[in-house]
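S.K.: Attaching a single structure in structure tokens format; questions to follow.
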Amino acid sequence: MRRRLAPLAVLVASAALLAAPAAQAAPVPEPPAVKACSTAATSLAVDRVRRPVNHLLLTLTNDGKRPCYAYGAPTVVFDDEPAVTGILQDSVPQAVVTLEPGDSAYAAIGLSSPGGPRGRTVHHLSSWLANRKLQAVGDPATLALPKPTHVDDSAFVTYWQSTPDLALTW
Numbered sequence: 116m117r118r119r120l121a122p123l124a125v126l127v128a129s130a131a132l133l134a135a136p137a138a139q140a141a142p143v144p145e146p147p148a149v150k151a152c153s154t155a156a157t158s159l160a161v162d163r164v165r166r167p168v169n170h171l172l173l174t175l176t177n178d179g180k181r182p183c184y185a186y187g188a189p190t191v192v193f194d195d196e197p198a199v200t201g202i203l204q205d206s207v208p209q210a211v212v213t214l215e216p217g218d219s220a221y222a223a224i225g226l227s228s229p230g231g232p233r234g235r236t237v238h239h240l241s242s243w244l245a246n247r248k249l250q251a252v253g254d255p256a257t258l259a260l261p262k263p264t265h266v267d268d269s270a271f272v273t274y275w276q277s278t279p280d281l282a283l284t285w
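Each residue of the sequence shown is one higher than the last, beginning at 116 in our numbering.
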């Protein structure tokens, strides 16, 4: 008799499952879209490096609670000069640098070349971050430069890189 009840129990359980309305899975909320890094949720620091000579390292750290993208290269202006520092096009990374909270991106600033023209001493730099269209946005961060800092017209800045070593390759 037990053998006859087992197939009957399976049949009844299967019918109950088919008749019951399908349970809906709770919708999974989509994570917020990753936005461009802004000076409101990041900090910038500038430091002299031993190698290569005539270089500074600009460090962007995500102080926020969400990831952000470090698009393109920082816009850099020394003192109150009317022109921005040129971007070294050869330094384009393979991908946009994504900064999780607490992570950093790095850009090298080449200050001068041997025998460079029109050299001058500078005291601070202003830097803007870029949006996805690579336009400078938001308020600039103004940073005091290590003393003395000498630049000439050959100065450049690299694109944001994921490590200091990659940034200082240029």
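Just so it is clear, CB atoms sit at the ideal spot from N, CA and C, and this is done for glycine as well.
#1: Quick one: complete beta strand (DSSP E) runs, 3+ long, within the region 143 to 201?
#2: Here's a check: name, in chain order, each residue in its chain whose Cβ is nearer than 7 angstroms to the Cβ of cysteine 152, leaving out the five neighbours to either side.
#3: Return the CA-CA distance between leucine 126 and proline 216, expressed in angstroms with no decimal places.
#4: On a CA-only basis, which of Trp285, Leu283, His265, Pro208 is nearest proline 232? Give me that one, please.
#5: What are the complete alpha helix (DSSP H) segments, minimum 4 residues, inside the region 203 to 235?
#6: Can you tell me the Cα-Cα spacing of aspartate 218 and serine 228, whole angstroms?
#7: What would DSSP say about alanine 251, mapped onto helix, strand or coil?
#8: From what residue to what residue does the alpha helix (DSSP H) around leucine 283 run?
#9: Quick check on threonine 273: buried or exposed, where buried means 16 or more other Cβ atoms within 10 Å of its Cβ?
#10: Excluding the 5 residues preceding and the 5 following aspartate 267 in the sequence, name in chain order all residues of the same chain whose CB lies nearer than 8 angstroms to its CB.
#11: Could you name the residues that DSSP lists as bridge partners for threonine 264?
#12: When burial is assigned at 16 or more other CB atoms within 10 Å of the CB, is serine 242 buried or exposed?
M.R.: Per the coordinate set shown:
#1: 157 to 163, 170 to 177, 183 to 185, 190 to 193
#2: Leu175, Asn177, Cys183, Tyr184, Ala185, Leu214, Leu244
#3: With a pLDDT of only 44 at leucine 126, under 50, the local geometry of the prediction cannot be trusted, and the value read off the model is given with reservation. Using only the alpha carbons, I get a separation of about 54 angstroms.
#4: His265
#5: none
#6: 31 angstroms
#7: strand
#8: Counting along the chain, leucine 283 falls outside any alpha helix (DSSP H), and DSSP gives it neither H nor E.
#9: buried
#10: Leu226, Ser227, Ser228, Gly231, Pro232, Arg233, Gly234, Arg235
#11: Val237
#12: buried
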